[in-house]
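Below is one structure, written out as structure tokens; the observations come after it.
In my numbering, the protein residues as written are 1 to 248.
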């Protein structure tokens with residue numbers, strides 16, 4: 001009964017004053033306690049309100065993140081889409097450009113590999129750019145150095161062949177293993193392994209690392225699709241939906 005009376009008194013006092021003039025600090029201790037009790041009772045009776053508020057907060061945070069990502073992509077567009085050294089596949093004149101930051105020792109990069117290939121092949125109008133971004137230790141770095149060395153010495157087709165082998169390779173990428181892989185692809189294994197430590201290879205990897213830092217990328221796979229950053233693995237159907245959405 002006391003709670004009802006207190007609530008009624010509080011409601012009358014709030015109704016009698018303009019909403020803009022409401023100040024909880026000016027309330028009496030009794031009215032403040034009643035006000036807080038009513039809020040608690042309301043939330044307990046309507047817990048979905050909390051989830052609705054959380055959803056609104058998450059949407060606002062996602063929108064802010066997307067806006068920030070879009071601004072970063074615009075600021076670094078040349079380095080992302082036309083750096084002059086990253087491998088380009090798919091349709092070079094495609095209406096959608098998909099950029100992937102990849103680490104050969106990353107399980108999710110391996111999982112995404114065939115799905116990205118299927119997306120590009122089945123669509124026919126997607127330009128794919130692959131950026132070497134080794135972040136998982138010495139084995140990752142050695143694999144990327146090998147891929148870049150192959151590309152610099154023997155071109156894009158050779159890079160694609162090496163890339164496809166490296167993404168599925170389970171052996172440790174020692175110099176011996178990589179030399180043997182280069183030989184199996186038709187190249188001089190010793191020459192490729194020697195070129196892995198060249199300044200040309202180092203400079204390319206350094207450039208991608210600097211770009212990743214500028215885009216606040218810390219994991220793989222990370223994709224850039226047009227004006228959007230996609231952090232982490234996405235299944236094929238989700239990628240197709242995003243492509244359709246970009247086409248509008």
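The beta-carbon is built from N, C-alpha and C at its ideal position, and this holds for glycine as well.
{"Asked": "Residue burial classification, residue 97 (beta-carbon count within 10 angstroms, cutoff 16)", "Found": "buried"}
{"Asked": "Per DSSP, the bridge partner or partners of residue 192", "Found": "Residue 192 is not bridged to any residue."}
{"Asked": "Burial state of residue 42 (16 or more Cβ within 10 Å)", "Found": "exposed"}
{"Asked": "Check whether residue 195 and residue 153 have beta carbons under 8 Å apart", "Found": "yes"}
{"Asked": "Cut-off 7 Å between Cβ atoms - residues of its own chain near residue 101, not counting five sequence neighbours on either side", "Found": "131, 133, 212, 217, 220, 221 and 222"}
{"Asked": "Per-residue burial, residue 105 [other beta carbons within 10 Å of its own, 16 or more giving buried]", "Found": "buried"}
{"Asked": "Sheet register partners of residue 126 (DSSP bridge)", "Found": "96"}
{"Asked": "Start and end residues, alpha helix (DSSP H) containing residue 168", "Found": "Looking at the DSSP string, residue 168 is not in any alpha helix (DSSP H), and its letter there is neither H nor E."}
{"Asked": "Segment contact, 8 Å Cβ cut-off, at least three pairs: the stretch 155-166 with the stretch 82-99", "Found": "yes"}
{"Asked": "Residue 45 to residue 248 span [Cα, whole Å]", "Found": "42 Å"}
{"Asked": "Residue 222, enclosing beta strand (DSSP E) - first and last residue", "Found": "222-225"}
{"Asked": "Proximity below 8 Å, CB of residue 35 to CB of residue 24", "Found": "yes"}
{"Asked": "Beta-carbon proximity of residue 56 to residue 80, cut-off 8 Å", "Found": "no"}
{"Asked": "Residue of 238, 243, 198 and 227 minimising C-alpha distance to residue 75", "Found": "227"}
{"Asked": "Helix, strand or coil at residue 101 according to DSSP, with G and I counted as helix", "Found": "strand"}
{"Asked": "The stretch 106-118 contacting the stretch 234-244, beta-carbon criterion three pairs below 8 Å", "Found": "yes"}
{"Asked": "Which listed residue (124, 83 and 62) has its alpha carbon closest to that of residue 92", "Found": "124"}
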